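Residue numbers (our numbering), protein chains in the order written: chain P, 5 to 272; chain X, 377 to 648. In this text, a Cβ means the ideal position worked out from N, Cα and C, and glycines have one as well. Note that the coordinates shown come from a computational prediction; the quantities given were computed from them, not determined experimentally. Structure, as structure tokens:
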Amino acid sequence: MKWVRVAAIVFLVAVAAACLLADFVVPASYAQQFRDLPDAAPSSQHLLGTDDLGRDRFSRLLYGTRVSLLLAPAAALLSSLLAALIGGAAGFVGGWLESCVMAATDLFLSLPWLFLLITVRAFLPLNVSPVASVVITFALLGCLGWAAAARVICADARTLCGSDVILLARASGCGGFRLLWRHIVPNLKPVLYAQFWISVPVFILTEANLGILGLGVAEPLPSWGSLLRELESFSAFSAQPWQFVPLLLLVVTISCFHLALRKQEFWA
Amino acid sequence: MVLGGFLGATLVRLAPGFGVDEEELDSRLNQESIVALRQSNAGNGSVASFYLNYCGKLLRGDLGVSRSLHQPVRQLLAERFPETLKSVGLGLILGWTAGLVLAMAAVMSRTSFVDLAGGLLASGLLCIPAAVLALLFVIVQAPGRLVIGLIVFPKIFHYARNLLAHSASLPHVLTARAKGLGGCRVLLWHILPVAAPQLFALAGVSVSLAFAAAIPVEVLCDLPGMGQLAWQAAMGRDLVLLVNLTMMVTLITVVANSAAEMATAPLGAGEA
């Protein structure tokens, strides 16, 4: 099924490119209000109509996708680096450090992910500028999402430390930082890449959950969470099926992430 | 469990903005009232003092009073827990039944249709946030509790399917099939027992998953359970309530995982 994977990657690249070029593609800024056209149906001027404040839905979709698609990988990078640092050090040093790190990891994992996020997010400032809310949301995801990855990396680092390659390197007089930097980190790269790519769709979905609950990116800056929150006002009487376009794009994008990952990596 | 509560309290206490009481901004309050408010919150001044106070009260069976809801925490938990138990229980039963039955059908079926259909359904559900599923259920006026089942189902299906497929490919199972044993007998006597320890471990994990899903479901479907309570506590910056909820959720997770381990132990001993 190599072609499916290629198609998924092409789609992701196309979406990312469209978002990055949003300034040239969209008819108006995400915050600009067309006050004479609230809740307008799709037209040539507004491809997905306008929301109840008269803002162009297509513009908001592209800018919202840009926020989620750019910052979820940034948060995944942060959590992967933290996991590499914490898990790698624990696996390499072993002994009491490994026991302590594993206990801390168990502690983090014993709390449901969304519960932990909501608890900590709510205690951070809520009335902040949209840019600050974006930074807080994704920094929080990055800082709290390391535990599961750290466990995998620690186990891998421990296995690696007992391998013939490392024993030979030690026997040749290689030790300490050099051993870590030249032999262990390069061998951990595949696991780190896998953990990074696994985290991206998880963080996108989590941001969407937080956004719908009102703890994500602040208005007027759009994100997938705030766009999906509009579904709260969906009514069968004034059905506007184009309101589901952000959900459709989210589902297809996350599916593409899953397809782009190799099966073994995804279920690792 | 205590460490879990302490972790929650520490994260909350160290977060910027903690200690700022919106009531202090009420222009109707005079200086004395504001001082009284600050004194009432003085017990939460540092993590250590808060936690010492909290442990002292906990030993006397006092869980404290919720700052945002102005009710004893014990009463709130007693009122909300059964509702969440009902939601999570129903969700787990639904998710496990659908996931396990489909996984068994996918492994035992001679055609790949069930496997493909189950895989597509599970993958599709994995791509939808729990909160969106809850919103969709509100729109179509379906019972919100079922959403928890839909969140649990994909994980159960994928893991159970992989485990059962691995067990089904073991030599003794192939031999049993070759000797003409029926599909049902092969599944019950040869495939399921091999996969059982991992399935029990998965059961422990699924409880935590169901509790996490209960938060958006209860908030958006207006179900008065612990998920909604956690949400209200978080929005009201209610440290006492949050610490108790953290302890309770950690306790439930630990009990679920320990029960799964205890259930696995005899199976492991039997295999050995």
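First through last residue of the alpha helix (DSSP H) which encompasses residue i
i: Q199 of chain P; result: V189 to I216
i: D438 of chain X; result: Run containing D438 of chain X: none; DSSP gives neither H nor E here.
i: R186 of chain P; result: That residue, R186 of chain P, is in no alpha helix (DSSP H); it is neither H nor E in DSSP.
i: A243 of chain P; result: No alpha helix (DSSP H) holds A243 of chain P; DSSP gives it neither H nor E.
i: K462 of chain X; result: V449 to M484
i: R233 of chain P; result: W228 to R233
i: V105 of chain P; result: G99 to S114
i: A554 of chain X; result: P547 to A554
i: P530 of chain X; result: L522 to A544
i: S137 of chain P; result: P134 to L148
i: F489 of chain X; result: F489 to L502
i: R443 of chain X; result: Careful: R443 of chain X lies outside any alpha helix (DSSP H) and carries neither H nor E.
i: C23 of chain P; result: K6 to L24
i: C560 of chain X; result: G559 to V562
For residue i, three-class secondary structure by DSSP
i: Q268 of chain P; result: A caution first: Q268 of chain P carries a pLDDT of 48, below 50, which makes its placement in the model unreliable, though a value can still be read off. Note: Q268 of chain P maps to helix in three-state DSSP.
i: D168 of chain P; result: helix
i: D55 of chain P; result: coil
i: Q517 of chain X; result: coil
i: Q608 of chain X; result: helix
i: D598 of chain X; result: coil
i: Q37 of chain P; result: strand
i: A648 of chain X; result: Interpretation of A648 of chain X is limited by its pLDDT of 47, a score under 50 that renders its predicted location unreliable; no figure is taken from the coordinates.
i: D614 of chain X; result: coil
i: D43 of chain P; result: coil
Within chain X, the residues that residue i reaches when beta carbons sit closer than 8 Å
i: W246 of chain P; result: Neighbours of W246 of chain P on chain X: none; closest Cβ ~15 Å, over 8 Å.
i: A212 of chain P; result: P505, A507 and V508
i: V255 of chain P; result: G500, C503 and I504
i: L73 of chain P; result: Near L73 of chain P there are no residues of chain X at all, since even the closest Cβ is about 15 Å away, more than 8 Å.
Where residue i falls, given that 16 or more other Cβ within 10 Å makes a residue buried
i: P250 of chain P; result: buried
i: R155 of chain P; result: buried
i: I188 of chain P; result: buried
i: N633 of chain X; result: buried
i: E223 of chain P; result: exposed
i: M638 of chain X; result: exposed
i: G475 of chain X; result: buried
i: H566 of chain X; result: buried
i: H534 of chain X; result: buried
i: W100 of chain P; result: exposed
i: Y197 of chain P; result: exposed
i: P530 of chain X; result: buried
i: N273 of chain P; result: Because chain P in this structure spans residues 5 to 272, residue 273 of chain P falls outside the shown range and cannot be described.
i: G556 of chain X; result: exposed
i: S488 of chain X; result: exposed
i: P573 of chain X; result: buried
i: V516 of chain X; result: exposed
i: A18 of chain P; result: exposed
i: W271 of chain P; result: Low confidence applies to W271 of chain P: its pLDDT is 47, below 50, so where it sits in the model is not reliable enough to give any reading.
i: P194 of chain P; result: exposed
i: R436 of chain X; result: exposed
i: H50 of chain P; result: buried
Contacts that residue i makes with chain X (C-beta to C-beta distance below 9 Å)
i: H262 of chain P; result: S499, L502 and C503
i: L232 of chain P; result: P505, A507, V508 and L511
Contacts of residue i in chain P (Cβ-Cβ under 8 Å)
i: V345 of chain X; result: Only positions 377 to 648 of chain X appear in the structure, and residue 345 of chain X is not among them; the question remains open.
i: I410 of chain X; result: Those within 8 Å of I410 of chain X in chain P number zero; the least Cβ separation is about 21 Å.
Neighbour list for residue i in chain X, Cβ cutoff strictly below 7 Å
i: E236 of chain P; result: L511
i: I258 of chain P; result: C503
i: L251 of chain P; result: V508
Where residue i meets chain P, residues with beta-carbon distance less than 7 Å
i: A606 of chain X; result: F119 and I122
i: V595 of chain X; result: L217
*Near-chain P residues of the region 565-592 of chain X - C-beta to any C-beta below 7 Å*: S584, F587, A588, I591 and P592
*Going along the chain, which residues of the region 608-628 of chain X sit with their C-beta nearer than 9 Å to a C-beta in chain P?*
A609, A610, M611, G612, R613, L615, L618, L621, T622, V625 and T626
*When you check each C-beta in the region 122-142 of chain P against every C-beta of chain X, which residues fall closer than 9 Å?*
I122, T123, V124, R125, A126, F127, L128, P129 and L130
*For the region 99-121 of chain P, enumerate the residues whose C-beta is nearer than 7 Å to any C-beta of chain X, in chain order.*
L111, S114, L115, P116, W117, L118 and F119
_Can you pull out the residues from the region 188-221 of chain P whose beta carbon lies closer than 7 Å to at least one beta carbon of chain X?_
L209, A212, N213, I216 and L217
_Cβ-based contacts, 7 Å cut-off: residues of the region 35-48 of chain P near chain X_ = none
*Between the region 508-538 of chain X and chain P, which residues of the former have CB atoms less than 7 Å from a CB of the latter, in chain order?*
V508, L511, I515, H534 and N538
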